[in-house]
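Below: one structure, written as structure tokens.
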Amino acid sequence: MADLAPLFARLERSTFRSRFRLGVKERQYCVDKGAEVIARHAADFVAQRLSPAEPQNDGKQTPMRGHPVFIAQHATATCCRGCLEKWHHIARGYPLTETQQQYIVDVIYQWLVIQMNSPR
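Numbering-wise, this note's numbering puts 89 at position 89 of the sequence shown, and it's gapless, one number per residue.
Laid out in structure tokens, this is it:
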């Protein structure tokens, strides 16, 4: 896995990105479902909502609440193709490769791990 520390340091300096945190319900959801299920949800969301070259409703396809992965996507700027381009240098207009999809899932998963291991 890539060293994500520089990315997370930049995200923490963003007023918008740094305000996202898991709430009690989202934390419990992660505990109840387990790491494998949450990672699978992340992979499914990325494949379905971000992977196409021109995602449907790009910029509005990821709700800001309702699932820990959605919150993580906004916190990590993996919520739409515009944010992927700006923050992760993944160009718009092309389908995501399997490697890019896995990178995005890794970023989301790492943010969730950090959240689950930090005090509320």
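Yeah, the Cβ is synthetic: ideal placement off N, Cα and C, and Gly gets one too.
Residue burial classification, residue i (beta-carbon count within 10 angstroms, cutoff 16)
i      : result
Val37  : exposed
Thr76  : buried
Ala123 : An answer regarding residue 123 cannot be provided, because it is not within the stretch 1 to 120 covered by the chain.
Thr78  : buried
Ala42  : buried
Phe70  : buried
Gln48  : exposed
Gln115 : buried
As assigned by DSSP and simplified to three states, the class of residue i
i      : result
Pro119 : coil
Asp106 : helix
Ala35  : helix
Gln73  : helix
Phe45  : helix
Ser14  : coil
Thr78  : coil
Tyr29  : helix
Gln56  : coil
His89  : coil
Arg40  : helix
Ala2   : coil
CB-CB length for residue i against residue j, believed under 8 Å
i      : j      : result
Val46  : Gln101 : 5 Å
His89  : Phe20  : Going by Cβ atoms, the distance from His89 to Phe20 rounds to 21 Å, so no, they are not a contact pair.
Pro55  : Arg81  : 6 Å
Val113 : Ala39  : Going by Cβ atoms, the distance from Val113 to Ala39 rounds to 10 Å, so no, they are not a contact pair.
Distance CB(residue i)-CB(residue j) smaller than 8 Å
i      : j     : result
Leu50  : Leu96 : yes
Glu26  : Pro68 : yes
Val107 : Leu22 : no
Phe103 : Ala9  : Per the sequence shown, the amino acid found at residue 103 is Tyr instead of Phe. No, the Cβ-Cβ distance between Tyr103 and Ala9 is not below 8 Å.
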